[in-house]
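In the numbering used here, the protein residues as written are 33 to 158. Don't be surprised by glycine CBs; every beta carbon is placed ideally from N, CA and C. Everything numeric in this text was worked out from a predicted model, so none of it was measured.
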């Protein structure tokens, strides 16, 4: 699973300049591949230079927060759309269209109702 994604991200034009993909710490990130970022694994902060430690920890925490928000959003959609509990079609084209439609409807629902765990956690004053 990871190898095709890594190869895709290496192609020019797939990601806009300065944009990267946030992944889990278990995701294999090779040296020099700056298109995928992961939070620090436990014990990695101790290996960091004391001068950079605070900044590296802030970046790692930001990546973790970003991933949590994405996971909450992805986990909430199946609750709203029970269709996601059913097996997806075999055809990659039909499967992609169905998932895209469901998640677009879910995003529309969140924006129109204003109900979102992500908003209450990351924008508590709104």
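Open item on the list: Looking at the strands, I want to know which residues DSSP matches up with residue 69.
Closed with: As computed with DSSP, residue 69 is found in a beta bridge with 54.
Open item on the list: Could you check whether residue 99 and residue 48 sit closer than 9 Å to each other, using their CB atoms as the reference points?
Closed with: no
Task: Boundaries of the alpha helix (DSSP H) in which residue 127 is found, first to last residue - done: 124 to 145
Open item on the list: Output needed for residue 69: all residues of its chain with C-beta closer than 6 Å, excluding positions within five of it in sequence on either side, in chain order.
Closed with: 52, 54, 95
Open item on the list: Considering Cα atoms alone, identify which of 123, 146, 83, 91 is closest to residue 73.
Closed with: 91
- [ ] Label residue 138 either buried or exposed according to how many other C-beta atoms from any shown protein chain fall within 10 Å of its C-beta, with 16 as the threshold for buried.
- [x] So residue 138 counts as buried.
TODO: State the DSSP-derived secondary structure class of residue 80, mapped to helix, strand or coil.
DONE: It is coil, neither helix nor strand.
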